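S.K.:
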Amino acid sequence: MSDRLTPTQIEKLKAALRYIFGILVEPMALELAAHGTVIMAMKQIYSDLDASLAAARESPVVRESVRKRFHEPLEKFLQQVSEAALEEETLQQWLQNLRPTDWRN
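For the sequence shown, this note's numbering begins at 79 and goes up steadily by one.
Here it is as structure tokens:
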């Protein structure tokens, strides 16, 4: 048996990657770019903004919030993958559950 993906599997993988980029990566990149623009403007007014951002990044509350939103669902999904063959519906359901509606939370 060959280790190569079939054309159908390749197309399914490409569709899944487009979906992931469409609902997660691109919206997050847009949100980050918008925040970056605002931060650059605010640096003209608030000189200690970099220090405040650095402190926020290291905040245990912020880190725990990110872990709960992203790492816990990922680990649960990876456990499901380990337990059974990954079905397309399982991947779609996981992505829909992960999809944040507001990146600022």
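Cβ atoms here follow ideal geometry from the backbone N, Cα and C, with glycine treated the same way. The structure displayed is predicted, hence computed values, not measured ones.
Please state whether the Cβ-Cβ distance between residue 120 and residue 110 is less than 8 Å.
M.R.: For this step, residue 120 is matched to residue 42 along the sequence shown. For this step, residue 110 is matched to residue 32 along the sequence shown. Not a contact, by the Cβ cut-off of 8 Å.
S.K.: Please say whether residue 83 and residue 95 have beta carbons closer to each other than 8 Å?
M.R.: As a first step, residue 95 is located in the sequence shown; it is residue number 17 there, counting from the start. As a first step, residue 83 is located in the sequence shown; it is residue number 5 there, counting from the start. For residue 95 and residue 83, no; Cβs fall outside 8 Å.
S.K.: Rounded to a whole number of angstroms, what is the C-alpha to C-alpha distance between residue 156 and residue 141?
M.R.: As a position in the sequence shown, residue 156 is number 78, starting the count at 1. As a position in the sequence shown, residue 141 is number 63, starting the count at 1. Rounded to the nearest angstrom, the two C-alpha atoms are 21 Å apart.
S.K.: Just how far apart, CA to CA, sit residue 130 and residue 85?
M.R.: Stepping through the sequence shown from its first residue, residue 130 is reached at position 52. Stepping through the sequence shown from its first residue, residue 85 is reached at position 7. If I take the Cα positions, the gap works out to 50 Å.
S.K.: Comparing C-alpha positions only, which one of 101, 125, 175 and 87 sits nearest to residue 149?
M.R.: In the sequence shown, the residue the question calls residue 149 occupies position 71. Of 101, 125, 175 and 87, the residue nearest in Cα terms is 175.
S.K.: Alpha carbon to alpha carbon, what distance is there between residue 152 and residue 114?
M.R.: The sequence position of residue 114 within the sequence shown is 36, counting from 1. The sequence position of residue 152 within the sequence shown is 74, counting from 1. Rounded to the nearest angstrom, the two C-alpha atoms are 27 Å apart.
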